[in-house]
Structures are given as C-alpha cells and as structure tokens.
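> Numbering (the numbering used here), first residue to last: 29 to 117. Each residue gets a CB set at the ideal place from its N, CA and C atoms; glycine is no exception. I am attaching a structure below and will ask some questions about it afterwards.
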C-alpha cells in the first residue's frame, strides 16, 4: 500500500532525527560524502560510495524494508520504497 503524505513526512522526520542524534558525528568523521541508507525504526543502516551501493548493501543486510537515504554531510535527504525527495536545511 502506498504511504500517505503524512506517513512519508513522519518517516523522513524520524530518519533525520535518528541521523542527527545517533549517527551524524561518527559518520561525518569517517564517511563524509558517502550515502547512508537508514531504517529509522531500528537505526540499522548501511553506507556506500553511491546511492546504488548503499541501497544494495542495505538490501543485502536488511531485506526489503523501507530505507531513508542521505548524503553524509551533504544535507540531501531521500527516502526509498515510495520515493520522497527533500532537502534538509
């Protein structure tokens, strides 16, 4: 079933919060510019040099659950499953 706009917004907000509060410092130190695939519900994540590599690593580890993608340190946020594009300020 396709998520509602409200569900997409909540998913994105939670992902951004998990990133900022739990992952940002270490990932920006060690993986700046790479792509993060993040499950905001569990905090599980994978990192890749490109969107495709991050997506493949995430799917290999965690299956087909939705992931939220962002460029580490770049401020760009994307969510997969049902694409949502946005920009963090």
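Report yes if the CB atom of residue 46 is closer than 7 Å to the CB atom of residue 62, and no otherwise.
Along the chain shown, one-based indexing puts residue 46 at 18. Along the chain shown, one-based indexing puts residue 62 at 34. Cβ atoms of residue 46 and residue 62: not closer than 7 Å.
> Throw me the rounded Cβ distance for the residue 100 and residue 60 pair, which I believe falls under 8 Å.
In the chain shown, residue 100 corresponds to position 72, counting from 1. In the chain shown, residue 60 corresponds to position 32, counting from 1. Yes, they are in contact, since the Cβ atoms of residue 100 and residue 60 sit about 6 Å apart, within 8 Å.
> Would you say the beta carbon of residue 37 comes nearer than 6 Å to a heavy atom of the ligand SAH?
As far as ligands go, the structure on display features none, and thus does not contain the ligand SAH.
> Which whole runs of the beta strand (DSSP E) in the region 46 to 85 are 3 residues long or more, in chain order?
For the region 46 to 85, whole beta strand (DSSP E) runs of length 3 or above, ordered along the chain, are 63 to 66 and 73 to 76.
> For residue 73, does the count of other Cβ atoms within 10 angstroms reach 16, so buried, or fall short, so exposed?
To locate residue 73, count along the chain shown from 1; it is residue 45. It is buried - the Cβ of residue 73 has at least 16 other Cβ atoms within 10 Å.
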